[in-house]
Amino acid sequence: MRFRRKTLVAIAISGVLVALAVLSYVIVPRLTDRAIVAHFPAAVGLYPGDDVRILGVTVGTVDRIEPEGTRVAVHLTVDRRWKLPADAHAVVVSPTLVTARFVQLTPAYVEGPELPDGGTIPEERTAVPVEWDKIKEQLTRLSTTLGPQPGEPGTLGEFVSDAAGNLRGNGATFNDTLANLAQATTTLSDGRTDVFAAVRNLSVLVDALSQSHAQIVAFENHLASVSELVATSETPLGDALADLDAAVTDVQTFLGENRAGVSHAVDKLGAATQVLTDRRRDLEQILHVSPTVLANLENIYQPAQNSLTGAPALTNFANPTQFICSAIAAAGEQGAEEATNLCIQYLGPLLKTIAFNYAPIGAVVGNSVGALPDQIDYSEPGLPGLMLPPLPLPGGAR
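Under my numbering, the letters of the sequence shown match residues 19 to 416, in that order.
Here is the structure:
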């Protein structure tokens, strides 16, 4: 009984282990691997178990290979840790003629949509190496085409004969050509930094032109419009050019006949401009004060009297106390402050009675009539009604 129980336990444990092994073989790969189907035009030399690589790093294996009419479906298994772009390509790579081949997936994933599990790479995005048999076939065909034919030396033979005839006696020239070519190559090599800089600058120029495409198109349109305008105005433009040619001829004739006079005038003009340069500060002063002088000249003109009017202003007599007391203090032997105080104390009341702004002669022109109503031009038609009424003229006239 005990033996039977041990046997059943052993059988149960074995069954569990087998189930776990099956699960690990079937389910675990599906959780850790990604299945991809790539369609190739052929799969010569590719077998199940061959590597699948990205940038030369093995990331999976070839699962199985199935023919599908004129193409071959290669089932690939790739580790899920490695992402693939949605537009991935598959290439069968043959490093040498005898080594095993592998499938290269390209390009490496950077960002964007991913190729999902069970994804397909169509034949348009796959490639296979050229087989040695095809290369040998093409080489045989080439040698047959270039080789000799019955009664003829063949294309290659004719080329060799012609080359020998052309090079015969030109060895020195050919040697000089090779030497010059080597020297030119050396010069380019020594200046490769400048060449690369020129290429980079050319790249910058091309980028700038690419970014200015709209402006270039607009410029071309304007140029086309100008060309069309010139084409439609051919006759007037020709007449204008003919007149210009005649004018240039007249100018040349004039200069030829009056060369001495023109030269003398230019010399005098140079002397005049030199005088202006020497008197630059005086001219600057004149230009600085001229606007004020002209404005004052306009202000002293009285249209009512049709004359220039003015009044002398003696500024020191507007405050005679300060003027006279300052003069006495300056001439006196006492201190300036003490003398000024004494002058103000004794002479101040008297001097205040003779203070004036204008000389006490004639009339104060500032209070006279400057212009009659019919002598005023207004900048706007509605301004006369807004102005104050004019002052009464002598005799009650307005």
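Glycine included, each C-beta is placed from N, C-alpha and C at the ideal position.
Computed from a prediction, not measured in an experiment: that's the story for all the values here.
Local conformation of residue i per DSSP, three classes
i, result
"E149", "coil"
"G87", "coil"
"G175", "helix"
"L326", "strand"
"L133", "coil"
"V284", "helix"
"G67", "coil"
"I31", "helix"
"A106", "coil"
"I139", "strand"
"I72", "strand"
"L123", "strand"
"D257", "helix"
"D51", "strand"
"D81", "strand"
"D263", "helix"
"V46", "Any reading at V46 must be qualified, since the residue scores a pLDDT of 48, below 50, and its modelled position is unreliable; no value is offered."
"V96", "strand"
"V62", "coil"
"V383", "Bear in mind that the predicted position of V383 carries a pLDDT of just 49, short of 50, making it too unreliable to give a figure here."
"A389", "coil"
"T144", "strand"
"E398", "coil"
"V128", "coil"
"A118", "coil"
Sequence-distant residues of the same chain with beta carbon closer than 6 Å to residue i, five excluded per side
i, result
"S397", "none"
"G413", "Any reading at G413 must be qualified, since the residue scores a pLDDT of 48, below 50, and its modelled position is unreliable; no value is offered."
"T211", "none"
"D208", "none"
Span separating the alpha-carbon of residue i from that of residue j
i, j, result
"I394", "Q320", "12 Å"
"A53", "A61", "18 Å"
"I153", "N219", "43 Å"
"V284", "Q303", "28 Å"
"P134", "H107", "14 Å"
"V148", "Q156", "11 Å"
"T95", "T79", "6 Å"
"D392", "L305", "34 Å"
"A232", "A226", "12 Å"
"A260", "H282", "31 Å"
"S75", "P140", "The residue you asked about is not Ser; residue 75 is Val in the sequence shown. Near 23 Å, if we compare the C-alpha coordinates of P140 and V75."
"R129", "T195", "Here residue 129 is Glu; the residue named in the question, Arg, does not match the sequence. If I take the Cα positions, the gap works out to 53 Å."
"T204", "I83", "54 Å"
"C361", "C343", "6 Å"
"Q363", "A345", "15 Å"
"N359", "G366", "10 Å"
"S161", "Q167", "11 Å"
"T114", "A30", "52 Å"
"A181", "G189", "12 Å"
"R277", "T291", "21 Å"
"R89", "P59", "5 Å"
Proximity below 8 Å, CB of residue i to CB of residue j
i, j, result
"V266", "L255", "no"
"Q109", "V70", "Note that residue 109 corresponds to Val in the displayed sequence, not to Gln. No, Cβ-Cβ distance for V109 and V70 is not below 8 Å."
"S112", "G175", "no"
"L146", "H93", "In the sequence on display, residue 146 carries Val and not Leu. Contact flag unset, no."
"E418", "A91", "Outside the shown range of the chain, which is 19 to 416, sits residue 418, and nothing can be said about it."
"D81", "P66", "yes"
"D68", "R143", "no"
"G183", "G172", "no"
"F177", "L185", "no"
"L301", "L294", "yes"
"V213", "L206", "yes"
Classification of residue i by the beta-carbon crowding that lies within 10 angstroms, buried from 16 upward
i, result
"D98", "A quick correction: the sequence has Arg, not Asp, at residue 98. Label assigned to R98: exposed."
"L315", "exposed"
"V244", "exposed"
"V46", "Confidence is the limiting factor: at V46 the pLDDT is only 48, short of 50, which leaves the residue's position unreliable, though a coordinate-based value still follows. The residue is exposed, with fewer than 16 neighbouring Cβ atoms inside 10 Å."
"V217", "exposed"
"V269", "exposed"
"L262", "exposed"
"V77", "buried"
"L401", "exposed"
"L102", "buried"
Heavy atom of the ligand ZN within 7 Å of residue i beta-carbon
i, result
"A202", "The model on display carries no ligand, and the ligand ZN is accordingly not part of it."
Nonlocal neighbours in the same chain, by C-beta distance under 8 Å from residue i, ignoring five residues either side
i, result
"T138", "I54, V55, A56 and H57"
"P399", "none"
"V235", "none"
"L215", "Correcting the residue identity first, residue 215 is Ala in this sequence and not Leu. Nothing meets the Cβ criterion."
Residues of its chain near residue i, where Cβ-Cβ distance is below 7 Å and the 5 sequence neighbours each way are ignored
i, result
"I442", "Here the chain covers residues 19 to 416 and nothing more, so residue 442 does not appear."
"V280", "L273"
"L35", "none"
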